[in-house]
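Notes for the one structure printed next.
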């Protein structure tokens, strides 16, 4: 256990897809490198997610009615803000697999480089619209250290991929070439997984939220434009030595909104919940 | 005057080439954006450099016998170390022109980012062996090559960079001008913070006293001087015009490397020549 770092709050947002939540929590249970607490924020799942969490003694926050992903993010943020024992918060989708060392790499970057938001890499597919910066294939190709394609397509390899990245890092340190693995600031990032420091509290909105509560889902590129949330000289940065496997699209599958408004969101949810039964 | 930043010591190393020193001082006299003091470290010039500095009331440290550029760097470092009012040290050749704004940009990077050494851009020619990283033509592909390579434009080049930076800020693209860490840099001009004091070899020696001139790429490999996780960084918004090779070109000094005997012989020859 690396005790150099203060405690992290790891907040996972869920809406159904319990199967993926189970995979995700499985990966989290193996983590032991840094101190953290796990919390699940559920947006009125109908598939027993809340009951499963309670049965497994996982701290879970549920809601009376569906309020969307952004609302869950703001709940996680408020809990983090009010509990000063946490120095960092990670907000994550439930369709990810977190290998050992991925979080400690993020913590190292955030400490050494004074960024207030840091994101990991993922596969090009998992990083979605920001694959140029977060796609592990693109990053390591540009460093002439390609990671084998067969390795990256299989979620079972999530720990092996992180281990291989750390091997590349060790080699780079040995050859005095670590600069290529330095974090890079970016304008946009994919919001499946991101770490923030307490510095972001300075950037909250007037209603004590951090994320725009009129938007139920942060989904389009434009809305992930971090510069809209925090002052433009404090962009988020990509940590190139941290890898998170992201199945992608699982939590929002068949869930496109005509307008990114609460009304349109709740209408859609009613339809979906009716079908699910 | 931007008073966010504490005082900088600007140390210029000289060995003859007084004409360049005069041009350099001419550019420095116009700087007013941040507080700094200037000191010239002379390695026994025979062309009146010391006298000229004294006549012009420029602080100067001279030596009894020639000891090489690295020795001058250590003299500057020692002065910086013992005068705690200085938060930053810039070590510079005398064959440079420093535009307004260039030092401020370096200070912004050194205070925002966790770097203890920051180097500016120059022309590809001026950045020599590190032209790919520090060469302004490589960094800003649309910039006119003839324009940047004309020393008379040194201030206009810096102004252009700052205009580009303002545009990038406005369009939320300023991250593209973020500094990047580098393994080596060209030592014609570099800024250090007091953090480098942690890395000194023995009291007052930051640079290897066995070396006479830091010249070859290998010797500019900063990782030999300070721990590998604290590489220097290049600030992409600071430009210094560097004539290059002026302090070492004549009499074949550029061929010396770190051969002490050869260097001594060349120094003697050049002294005899001039007297």
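Protein chains in written order, with our numbering: chain R, 158 to 434; chain Z, 5 to 279. Using N, Cα and C, we set each Cβ at its ideal position, and we do this for glycine too. Predicted model only: the values in this text are computed from it and were never measured.
So what does DSSP say about residue 292 of chain R, is it helix, strand or coil? Residue 292 of chain R sits in a strand when the DSSP states are folded into three classes.
Closer than 7 Å to chain R by CB, residue 187 of chain Z: With 7 Å as the cut-off, residue 187 of chain Z counts as an interface residue toward chain R.
Looking only at its chain, what residues have a beta carbon closer than 7 Å to the beta carbon of residue 426 of chain R, apart from the 5 residues adjacent to it on each side? Answer for residue 426 of chain R: 223, listed in chain order.
Is it buried or exposed, residue 167 of chain Z, if we count other Cβ atoms within 10 angstroms and call 16 or more buried? Counting Cβ neighbours within 10 Å, residue 167 of chain Z comes out exposed, since fewer than 16 surround it.
What residues of chain R sit near residue 239 of chain Z, judged by a beta carbon separation below 9 Å? What residue 239 of chain Z touches in chain R: nothing, since even the nearest Cβ is about 15 Å away.
In angstroms with no decimal places, state the Cα-to-Cα distance between residue 46 of chain Z and residue 17 of chain Z. The C-alpha of residue 46 of chain Z lies about 6 Å from the C-alpha of residue 17 of chain Z.
State yes or no: is the beta carbon of residue 6 of chain Z nearer than 7 Å to at least one beta carbon in chain R? When Cβ-Cβ separations below 7 Å define contact, residue 6 of chain Z makes no contact with chain R.
Cβ of residue 313 of chain R less than 7 Å from any chain Z Cβ? Not a single CB atom of chain Z sits nearer than 7 Å to the CB of residue 313 of chain R.
Is residue 398 of chain R closer than 7 Å to residue 294 of chain R when the C-beta atoms are compared? No, the Cβ-Cβ distance between residue 294 of chain R and residue 398 of chain R is not below 7 Å.
Select from the region 326-356 of chain R all residues with a C-beta closer than 8 Å to any C-beta belonging to chain Z, and list them in chain order. Residues 330, 333, 334, 335, 336, 339, 341, 342, 343, 344.
Using beta carbons (cut-off 7 Å, strictly below), is residue 209 of chain Z in contact with chain R? Cβ-Cβ to chain R under 7 Å: no for residue 209 of chain Z.
For residue 354 of chain R, does the count of other Cβ atoms within 10 angstroms reach 16, so buried, or fall short, so exposed? With 16 or more Cβ atoms within 10 Å of its Cβ, residue 354 of chain R is classed as buried.
Less than 7 Å between CB atoms is the rule here; does residue 392 of chain R satisfy it with respect to chain Z? For residue 392 of chain R, the closest Cβ of chain Z is nearer than 7 Å.
Taking one C-beta from the region 204-222 of chain R and one from the region 312-328 of chain R each time, how about it: are there three or more such pairs within less than 8 Å? Contact between the region 204-222 of chain R and the region 312-328 of chain R is absent, because fewer than three Cβ pairs lie under 8 Å.
Below 8 Å on C-beta distance, what does residue 270 of chain R contact in chain Z? Counting only Cβ-Cβ distances below 8 Å, residue 270 of chain R has contacts in chain Z at 117, 118, in chain order.
So, helix, strand or coil for residue 28 of chain Z, using DSSP? Of the three classes helix, strand and coil, the one that applies to residue 28 of chain Z here is helix, per DSSP.
What's the gap between the Cα of residue 392 of chain R and the Cα of residue 158 of chain Z? Answer to the nearest angstrom: the Cα atoms are 31 Å apart.
Straight-line CA distance for residue 178 of chain Z to residue 210 of chain R? Computed Cα separation, rounded: 43 Å.
8 Å CB neighbourhood of residue 175 of chain R in its chain, flanking five on each side removed: Excluding positions up to five away in sequence, the list reads 202, 204, 205, 206, 209.
When the Cβ atoms of the region 189-198 of chain R are set against those of the region 285-301 of chain R, are three or more pairs found closer than 8 Å? Judged by Cβ distances under 8 Å, the region 189-198 of chain R makes no contact with the region 285-301 of chain R, as fewer than three pairs qualify.
Tell me the DSSP bridge mates of residue 36 of chain Z? The secondary-structure analysis by DSSP pairs residue 36 of chain Z with nothing; it has no beta-bridge partner.
Checking 7 Å against the spacing of the C-beta atoms, do residue 210 of chain Z and residue 81 of chain Z come in under that value? Residue 81 of chain Z sits close to residue 210 of chain Z, with the two beta carbons spaced by under 7 Å.
Which residue wins for smallest C-alpha separation from residue 65 of chain Z, given the options Z:51, Z:44, Z:74? Out of Z:51, Z:44, Z:74, Z:44 has the C-alpha closest to the C-alpha of residue 65 of chain Z.
Residue 186 of chain Z and residue 137 of chain Z: beta carbons closer than 7 Å? At a Cβ-Cβ threshold of 7 Å, residue 186 of chain Z and residue 137 of chain Z count as neighbours.
I'd like to confirm the pairing. Which residues does DSSP put opposite residue 351 of chain R in its beta bridges? Per DSSP, R:248.
With a cut-off of 7 Å, does the C-beta of residue 192 of chain Z fall near any C-beta of chain R? No, because no Cβ of chain R sits closer than 7 Å to the Cβ of residue 192 of chain Z.
So, at 6 Å on beta carbons, what are the nonlocal neighbours of residue 139 of chain Z in its own chain, with the 5 sequence-adjacent residues on each side left out? Closer than 6 Å at Cβ, skipping near neighbours: 128, 131.
Nearest neighbour of residue 281 of chain R, chosen from R:403, R:428, R:341, R:423 [CA to CA]: Closest by alpha carbon: R:403.
Taking the alpha carbon of residue 72 of chain Z as the point to measure from, which residue in Z:94, Z:20, Z:206 has its own alpha carbon closest? Comparing Cα-Cα distances from residue 72 of chain Z to each of Z:94, Z:20, Z:206, the minimum goes to Z:20.
I need the DSSP call for residue 18 of chain Z, collapsed to helix, strand or coil. In the structure shown, residue 18 of chain Z sits in a strand (DSSP, three-state: E or B).
In whole angstroms, give me the CA-to-CA distance for residue 222 of chain Z and residue 284 of chain R. The predicted model places residue 222 of chain Z with a pLDDT of 45, which falls under 50 and marks its position as unreliable; any figure quoted below should be read in that light. For residue 222 of chain Z and residue 284 of chain R, the distance between alpha carbons rounds to 39 Å.
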